[in-house]
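Notes follow the structure.
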Amino acid sequence: MADTMNIENIDSTAATTIAMASKFSMKTRQGTAVRTAYMGTVQYKLEEFIYEEYNPSLHDITGIFHGQRVDVNSNEEVECTVKVRMQLNSALAGHKYGHFTCLERRSPENNINEESRVLRACAFSGRTPKFLDSASEVQDHTGFFPGGYLHVLATSRLPGQPISRLLGSLTEDDLKVIKQDLVTTINYMRNVGYVLHSEATAVSPNATNLQQQHLNKPLLKIDDKHVWYDRSSQTVYFFDLSRFRDRPYRPYPFPSYHYNYNNYYDDNFAGNYYPMPAPLPPRTEEALMRSQFWKKLVASQVARIANATAAEVVEQSRVFQLCLRNRAATAAALKNNDDWQMVDAVAN
Numbered sequence: 139m140a141d142t143m144n145i146e147n148i149d150s151t152a153a154t155t156i157a158m159a160s161k162f163s164m165k166t167r168q169g170t171a172v173r174t175a176y177m178g179t180v181q182y183k184l185e186e187f188i189y190e191e192y193n194p195s196l197h198d199i200t201g202i203f204h205g206q207r208v209d210v211n212s213n214e215e216v217e218c219t220v221k222v223r224m225q226l227n228s229a230l231a232g233h234k235y236g237h238f239t240c241l242e243r244r245s246p247e248n249n250i251n252e253e254s255r256v257l258r259a260c261a262f263s264g265r266t267p268k269f270l271d272s273a274s275e276v277q278d279h280t281g282f283f284p285g286g287y288l289h290v291l292a293t294s295r296l297p298g299q300p301i302s303r304l305l306g307s308l309t310e311d312d313l314k315v316i317k318q319d320l321v322t323t324i325n326y327m328r329n330v331g332y333v334l335h336s337e338a339t340a341v342s343p344n345a346t347n348l349q350q351q352h353l354n355k356p357l358l359k360i361d362d363k364h365v366w367y368d369r370s371s372q373t374v375y376f377f378d379l380s381r382f383r384d385r386p387y388r389p390y391p392f393p394s395y396h397y398n399y400n401n402y403y404d405d406n407f408a409g410n411y412y413p414m415p416a417p418l419p420p421r422t423e424e425a426l427m428r429s430q431f432w433k434k435l436v437a438s439q440v441a442r443i444a445n446a447t448a449a450e451v452v453e454q455s456r457v458f459q460l461c462l463r464n465r466a467a468t469a470a471a472l473k474n475n476d477d478w479q480m481v482d483a484v485a486n
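At position 154 of the sequence shown (counting the first as 1) the number is 292 in the numbering used here, and the numbers step up by one without a gap.
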C-alpha cells in the first residue's frame with residue numbers, strides 16, 4: 139500500500155511539473171529583457187534559451203539563458219549566462235503547495251545569495267563560471283505572477299552545452315574525460331568547503347569512519363543539465379552550484395564555526411573550543427560510476443551502439459570501463475537497464 143501511494147505521489151508530482159512547465163514556459167522569455175537594480179539601470183537580454191526547471195516544492199520556475207548584461211548608465215555590455223527564477227501563483231498548484239515552510243524558503247538550493255557565495259569560493263577552479271552579479275526583485279506586470287519574487291543570477295558565459303543535450307552522441311573519449319574531470323571538480327569543491335546537498339543530508343554528522351562512509355558511496359543527485367561539456371577543449375564544467383552546500387562538519391549539536399581559524403566555537407557549549415574535524419576524503423571515480431547520473435550516460439551510449447550499424451560497432455569497439463549490466467550481453471539485451479554492476483565493458 140505504501141509503495142502504491144509513493145508511486146501515485148511521484149506520478150502526481152511529475153504530471154504537475156509537466157503541466158506547469160508547459161503553461162509557464164521560460165522559453166517564451168527568449169528575446170526579452172529583465173530589468174534589475176535601481177530604476178532598472180541594469181538589464182539582462184535573454185538571447186538564447188538553454189533549459190528550464192520547475193520546482194514543485196516552492197512552485198517556481200527557473201530558466202537558463204545565454205545573453206547580455208547591459209548597464210544602461212555606462213552602455214557597457216557583457217556576455218553572460220543568466221539564471222532567472224520566477225515565483226508562480228501558489229493557488230494554481232492546489233492546497234498541497236499552498237504553504238511553504240521556513241526551512242524550504244531558506245534552503246541553499248533556493249537561496250540566490252548562497253549560490254553566489256559558492257560561485258565566489260570556486261572562482262579559481264577553472265571548472266565553474268565566474269560570478270558577475272545577482273539580484274532579488276519583484277515581478278512586474280510582465281511576470282508570471284506579478285508581485286512574486288524574481289531572482290536573477292549572472293555568470294560568465296560557459297563554453298559547451300549541458301550534457302543533457304549530448305546524450306546519445308557522447309563518444310568513448312568523451313565519457314573518459316567526463317568521468318575524470320567531474321571527479322576532479324567535485325574534489326576541488328570539497329577542498330574549499332562544499333559538498334553536494336544530497337551528500338551533506340545523507341551523511342551522519344557523528345560518523346566515526348568517514349573514509350568508509352564517503353569514499354565509494356555513490357554520488358547522489360547530479361543532474362545532467364547542471365554538468366556542461368565542451369567537446370572542443372574536452373573540459374567539464376559545473377554550472378548550477380545551488381546543489382552544493384557547506385560540508386557537514388557537525389560532530390556536536392548545531393555548532394557555529396569559523397573557516398578562518400583552526401578551531402571553531404560551539405554556541406551550545408559557551409566558552410569551549412573544539413578542534414576542527416579532519417577533512418573529508420576525496421571522492422573516487424568508482425563513486426561517480428555508481429551514481430544514477432553515470433548510469434544514464436552509459437544507457438545513452440548503449441542505446442547508441444544498439445542502433446548503430448555493424449561497421450560503426452566495430453569502429454567503436456575499444457576497451458573502456460562503464461557501469462553495464464552484463465559484459466556478455468548483446469547490445470539489444472542491454473536496452474533493459476536493470477541490475478547495474480561494475481564491470482570492464484569489452485566489445486564482444
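Where a beta carbon is used, it is the ideal one built from N, C-alpha and C, also for glycine.
Residues sharing a beta bridge with residue i, DSSP
i, result
"glutamate 190", "Gly201"
"glutamate 275", "Leu288"
Cβ shell of residue i (< 8 Å), same chain only, five flanking positions each side left out
i, result
"threonine 219", "Ile188, Ile202, Phe203, His204, Gly205, Pro267, Ala292, Thr293, Ser294, Arg295, Leu296, Phe377"
"glutamine 168", "Leu184, Glu185, Glu186, Phe187, Phe203"
"arginine 265", "Asp319, Thr322, Thr323, Tyr326, Thr373, Val374, Tyr375, Phe376"
Same chain only: Cβ atoms within 6 Å of residue i, ignoring 5 sequence neighbours per side
i, result
"threonine 179", "Val210, Asn211"
"asparagine 193", "none"
"glycine 286", "Gln225, Gln277"
Nearest residue (CA-CA) to residue i, options the options
i, options, result
"tyrosine 367", "Val315, Met327, Phe382", "Val315"
"glutamate 215", "Glu191, Gln225, Leu184, Gln168", "Leu184"
"aspartate 361", "Ser429, Asn251, Pro419", "Ser429"
"serine 163", "Glu191, Arg173, Ala171", "Glu191"
"glutamate 423", "Tyr326, Lys433, Ala444, Gln318", "Gln318"
"proline 419", "Lys433, Lys355, Ile443", "Lys355"
"leucine 304", "Arg369, Asn213, Lys161, Glu217", "Arg369"
"isoleucine 250", "Thr200, Glu217, Asn213", "Thr200"
Contact check, residue i vs residue j, beta carbons under 8 Å
i, j, result
"valine 276", "tyrosine 182", "no"
"glycine 281", "leucine 288", "yes"
"leucine 357", "alanine 259", "no"
"serine 371", "threonine 323", "no"
"alanine 273", "alanine 171", "no"
"lysine 363", "proline 300", "yes"
C-alpha distance - residue i paired with residue j, whole-angstrom precision
i, j, result
"leucine 435", "serine 302", "9 Å"
"histidine 335", "arginine 383", "6 Å"
"alanine 441", "arginine 207", "40 Å"
"glutamate 253", "serine 438", "30 Å"
"arginine 388", "alanine 229", "Since pLDDT at arginine 388 reaches only 41, below the 50 mark, its modelled position is unreliable, and no value is offered."
"glycine 236", "aspartate 278", "With a pLDDT of only 45 at glycine 236, under the threshold of 50, the placement of this residue in the model should not be trusted; the figure read from the coordinates follows. Taking the straight line from one Cα to the other gives about 22 Å."
"serine 307", "serine 380", "27 Å"
"arginine 328", "arginine 421", "9 Å"
"threonine 166", "lysine 221", "15 Å"
"proline 343", "valine 256", "With a pLDDT of only 46 at proline 343, under 50, the local geometry of the prediction cannot be trusted, and the value read off the model is given with reservation. Whole-angstrom Cα-Cα distance: 21 Å."
"glutamine 479", "lysine 433", "For glutamine 479, the pLDDT reaches just 46, beneath the cut-off of 50, and the residue's location in the model is therefore unreliable, leaving the point undetermined."
"leucine 313", "glycine 298", "15 Å"
"isoleucine 443", "phenylalanine 431", "19 Å"
"alanine 261", "valine 333", "16 Å"
Cutoff 7 Å; reference residue i; Cβ partners in own chain excluding five residues on either side
i, result
"aspartate 198", "Arg223, Met224, Gln225, Leu226"
"leucine 320", "Val365, Val374, Leu426"
"isoleucine 145", "Its pLDDT being 41, under 50, isoleucine 145 is placed unreliably by the model, and the measurement read from it follows with that caveat. Same-chain partners within the cutoff: there are none."
"arginine 173", "Gln181"
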